[in-house]
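Visitor: Going letter by letter, the sequence shown gives residues 1 to 917 in the UniProt record's numbering.
One structure coming up, written as structure tokens, with questions to follow.
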Amino acid sequence: IACLKVSFWPFFFCCFLCFLLLSLLYLHLPFPPLSRPQWEEISVMDERNTPMRTYQVCNVMEANQNNWLRTRHISREGAQRVYIEIKFTLRDCNSLPGVPGTCKETFNMYYYESNNANLWFIKESQYVKIDTIAADESFTQVDVGDRVMKLNTEVRDISNLSKKGFYLAFQDLGACIALVSVRVFYKKCPLTVLNLAQFPDTITGGDTALVEVHGQCVNASEEFEAPKMYCSADGGWLVPIGRCVCKPGFEENKDFCQPGTYKASATDAYCTKCPPHSSSPQEQSIECTCEKGFYRAEADPRSMACTRPPSSPENPISTVNETCVTLDWSPPRDMGGRGDITYSIHCTKCSGDARKCTPCGSSVHFVPRQYGLSSATVLVTDLQPDSNYSFTIESQNGVSDLSPTLRGTVVINITTTQTVSVVLKERRSKDSVTLAWQGPERPNGAIVEYEVIYYEKNQREQNYTVLKTRSNMMTVEGLKPGTTYVFRVRARTDGGYGSYGGEIELETSHEGKKMNKSFVHTSRSLDKFTCISVYRILLFVLRHCGYIKAKQDPDEEKMQFQHVKLPGSRTYIHPHTYEDPNQAVRDFAKEIDASNIRIERVIGAGEFGEVCSGKLVTSVDSSVHYSSVLVSLCKPVMIITEFMENGSLDTFLKKHDGQFTVIQLVGMLRGIASGMKYLSDMSYVHRDLAARNILVNSNLVCKVSDFGLSRVLEDDPEAAYTTRGGKIPIRWTAPEAIAYRKFTSASDVWSYGIVMWEVISYGERPYWEMSNQDVIKAIDEGYRLPAPMDCPVVLHQLMLDCWEKGRSDRPKFGQIVTILDKLIRNPASLRELANIAPLEDPSTPEFSVNTVDEWLEAIKMGQYKENFSSAGYVSLESILYISISELAKMGVTLAGHQKKILSSVQSLQTQDSHVQV
């Protein structure tokens, strides 16, 4: 129109430019618009006479065809991978008469990614080819006449899309085609709920990549372990990990806990009936409220019954000995429903009229302690003589502090005894002395007898003699001429012994000299002797239990006590150095009067005699303690040692599997290491260090025992003991000791590492069921025991240090004690656990199982087969999310077994390729 308004030549020039521009555009158009005649939109009828729209092209008579058909912009809607399904018909070139050889039976499909939804021009070179499409079945003209359309369906996909959308294009190069439909779609994993976690609709990833999806816990649930699954490329959910659990007060499939029930922890599977002496009137209860007068301690589990404080201790008994008293009592009749009963002692000193009483103060001492006693006995020392005391014994348990009422108490009143006043009557001859004395003014009961102790001056630690009589005078004979003796006297009543009187020094006359009638009376300060007390002991009795009481005069009894200090250079008696073992006993041990031994029962037997337990009542000096070995004075000979209530360590650990804290276990290991340091410092090698040879007392103190294979080494720190024969405990023995039979403190360190492994694994057998030959071979090839379950990294590293092949590379026992002391002072260093699977036989590090029974056998828990079967756990799928509370209900109550089973279940969850379900 603009050209018409100008003269001819400008008009002609303008038209020429327009023609040229249109020609250039035509040459660069890769395809015509949708209505371009090469592809025609035609309506046809299908077999059911239903109209359908198709795009057709059939320019087969002309060569060099290039016919394009393009879609509008298709949004990918976040999908990285889309699928194109095309349905089409294609005519057989052979069915077209006179068609040149350029006829095709295929066509091409392309795509072009773009953020622009309104493109009208795209260069042919910009398209990306998807595929060349061929028909599985083509049709002929006869087929069309018979209305038998051979419809082909092909599906192709496009991956790694990143822009907002794309265009599809179809290129015909000379075929007779009809596009019936084009369907573009993508796949997604549908919304689903699994293990109380909801996973949303998720579009699949590109290629074969898995899309990690985190689930959201459904209402009234919380994460136990972060729930997640993987959306696969074909739209399926795979590999469920983690789960949600119902919150406290809620139960799966039952909404919430009903009145009378509760659920305290999300890890509990079900609501539970309230324990005794508690109730829950509200719905959704997370715990049950205790009834009036009953309580639950803060540390008590919510599943525990409510309890109450104990009643008073019963049957109090006091035994007064000098200025000491032993208090014994019976436990309360009503323990309050708890087992954590303890006792505390409150002491007051009262005046003569019993009207004024004051606390005893810090001068009075209690053995083992004044408060928090676990046993029903206590020894009170350092009381003042001839004084009145009142002791209140209080029983308490874990809920006593929560009760407003008074605690259960019982009172014992006692009076300490006076000393004996000694008056010398006469002295006769060169080898005897006559003594006379006056008894206490106010004895604690009727006087039964007097006890006189004497010894040569400055010789008390070596020899002293004890004489007993019912009279208040005594003649001491058999003394050395010209020798000074020290005498002391004390009285015994039904309530026990009183205090010794002051020391009296007397010198016998020299031979041939006339007796001097004067007496020397020197009163010194009172030496403290150990008060009579009752302890639990262990008796190793040769031949039989019991003792023979020595014959004695009815009015006087004389006993000789030989107190021999243990020589510093000989703390171990080698039997081969003595022809007479009894002489070794006399040289080595301290002797006890058999009348002070009360045998209670036989607890075992060995090669040389029976083993009994009983009580020892002793009043000898404080140098006699149970870390030394005592031997009885009378026949039969008895070896007396401390009674270790909990027996051998291996049996004790198996019985209490999983019940101790890591610090408690480290404390046991520290005690063993300290004992071995003591031995090694004195150049002794044990040769049989194992958990079975460690004894445990009631306070979890561990002591090394069973020295049957022990030998003394030379002073040289590198010295070794070489044996020619005998059996060797292979699993506990260092490789050089097995190969060359050379034992050193370093080989004991290797054994200590095995003991560490036994302790942390609660008595597991080292190397499991491997034969001794397999153990020797494995160690020689560098194999070392893996860390037990829940073993701190630092402890396993210490084990590995003990198992160094070179004995000089292993730590010394002194270093081990120092390391364990640091760990005890810094518990945080024990938090990092070794990252290992549950304890398994090293010969089968991976296992493939098909049934629950096979799985239990594989993890050494076969004893619970019937428990799992009765509870309905018959398939491996059913155990994948089992909880601690469910295990407890099934009868798996040991904490160690629970941990082992749950750890294995986690392995099954993450390593499902090993499980054939």
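Beta carbons are placed, not taken as given, at the ideal position from N, Cα and C, and that holds for glycine.
(1) What separation, rounded to the nearest whole angstrom, lies between the Cα atoms of V448 and P440?
(2) Considering D681, what are the terminal residues of the beta strand (DSSP E) in which it resides?
(3) What is the rounded straight-line gap between the Cα of Y485 and the Cα of E456?
(4) How many Å lie between V433 and T469 at the Cα?
(5) Can you give me the start and stop residues for the beta strand (DSSP E) that N463 sits inside?
(6) Measuring straight from C-alpha to C-alpha, what distance separates F813 and M799?
(7) In or out: W855 buried (at least 16 other Cβ within 10 Å) or exposed?
(8) Give the list of continuous beta strand (DSSP E) stretches no shorter than 3 residues that lie fully inside the segment 241-322.
(9) Please state the DSSP three-state secondary structure of T409.
(10) Looking only at DSSP bridge pairs, what is Q898 linked to?
(11) Between A746 and R692, which are expected to be in contact by the criterion C-beta below 8 Å, what is the C-beta distance as a whole number of angstroms?
(12) From C189 to N253, what does the alpha carbon distance come to, in whole angstroms?
(13) Look up E866 in the DSSP assignment and say whether it is helix, strand or coil.
(14) May I ask you to verify whether the segment 60-75 touches the segment 162-178, counting CB pairs closer than 8 Å and requiring at least 3?
(15) With distances taken from CA atoms, which of P227, Y262, I859 and N388 is nearest E212?
(16) With 16 other CB atoms within 10 Å as the buried threshold, where does V239 fall?
(17) Should Y83 and F185 be called a contact, given that it needs their Cβ atoms to be closer than 8 Å?
(18) Does the segment 240-260 come close enough to the segment 865-876 that 3 or more CB-CB pairs lie under 8 Å?
(19) When the distance is taken between beta carbons, is P385 closer than 8 Å to T416?
(20) What does Q216 pair with, by DSSP beta-bridge criteria?
(21) Throw me the rounded Cβ distance for the V367 and L383 pair, which I believe falls under 8 Å.
(22) Would you kindly work out how many angstroms separate the C-alpha atoms of K110 and L210, rounded to a whole number?
(23) Verify whether the separation of the beta carbon atoms of R492 and G501 is less than 8 Å.
(24) For a test of the three-state rule: what should DSSP assign to T392, helix, strand or coil?
(25) Using the beta-carbon count (16 or more within 10 Å), is A376 buried or exposed?
(26) Tell me the residue span of the beta strand (DSSP E) that contains C802.
(27) If you draw a straight line from the alpha carbon of Y112 to that of L168, how long is it in whole angstroms?
(28) Is the segment 330-337 close to the segment 301-315, with three or more CB pairs under 8 Å?
(29) Considering only the beta carbon of each residue, do T475 and E507 sit closer than 8 Å?
(30) Report the CB separation of P827 from I663 in whole angstroms; it is logged as a contact under 8 Å.
(31) With a threshold of 6 Å on Cβ separation, who are the neighbours of E718 within its own chain once the five nearest residues in sequence on each side are excluded?
(32) Leaving out five residues before and five after A837 in sequence, what residues of the same chain have Cβ atoms less than 7 Å from its Cβ?
(33) Note down, in chain order, each residue of its chain lying with its Cβ closer than 6 Å to the Cβ of P281, except the 5 sequence neighbours on either side.
(34) Below 6 Å CB to CB, which residues in the same chain sit around L402 once its five sequence neighbours on both sides are set aside?
(35) Near S569, what residues of its chain come up, given a Cβ to Cβ distance below 8 Å and the 5 sequence neighbours on each side ignored?
(36) Spatial neighbours of P481 within its chain, please: C-beta separation below 8 Å, excluding the five flanking residues on both sides.
Guide: According to the data block:
(1) Roughly 13 Å between the two C-alpha positions.
(2) Segment V662 to D681 is the alpha helix (DSSP H) holding D681; no beta strand (DSSP E) there.
(3) 4 Å
(4) 15 Å
(5) Run containing N463: N463 to T469, per the beta strand (DSSP E) assignment.
(6) 13 Å
(7) buried
(8) 314-321
(9) strand
(10) Paired residue(s): none; Q898 is not in a bridge.
(11) Contact flag wrong, Cβ pair sits at about 22 Å.
(12) It is roughly 25 Å from the alpha-carbon of C189 to the alpha-carbon of N253.
(13) helix
(14) Yes, they touch.
(15) P227
(16) exposed
(17) yes
(18) no
(19) yes
(20) Answer is Q198, bridged to Q216.
(21) The C-beta distance from V367 to L383 rounds to 13 Å, too long to fall under 8 Å, and the pair is not in contact.
(22) Note on residue identity: the sequence assigns Tyr, not Lys, to residue 110. Between Y110 and L210, the C-alpha separation is close to 27 Å.
(23) Not in contact: R492 and G501 (Cβ atoms no closer than 8 Å).
(24) T392: strand per DSSP, three-state reduction.
(25) buried
(26) For C802, there is no enclosing beta strand (DSSP E); the enclosing alpha helix (DSSP H) has its first and last residue at V793 to C802.
(27) Distance between the alpha carbons of Y112 and L168 is about 7 Å.
(28) yes
(29) Result no, Cβ atoms of T475 and E507 do not sit closer than 8 Å.
(30) 6 Å
(31) A caution first: E718 carries a pLDDT of 44, below 50, which makes its placement in the model too unreliable to give a value.
(32) Because the pLDDT of A837 is 42, which lies under 50, any placement of that residue in the model is unreliable, and the number read from its coordinates should be weighed accordingly. The residues are S907.
(33) Sequence-distant partners of P281 (beyond 5 residues in either direction) whose C-beta falls short of 6 Å from its own C-beta, in its chain, are P259.
(34) These residues qualify, in order along the chain: Y295.
(35) Because S569 sits at a pLDDT of 35, beneath the cut-off of 50, its placement in the model cannot be relied upon, and the following sentence gives the value as read from the coordinates. There are no such residues.
(36) K430, D431, T508, S509, H510 and E511
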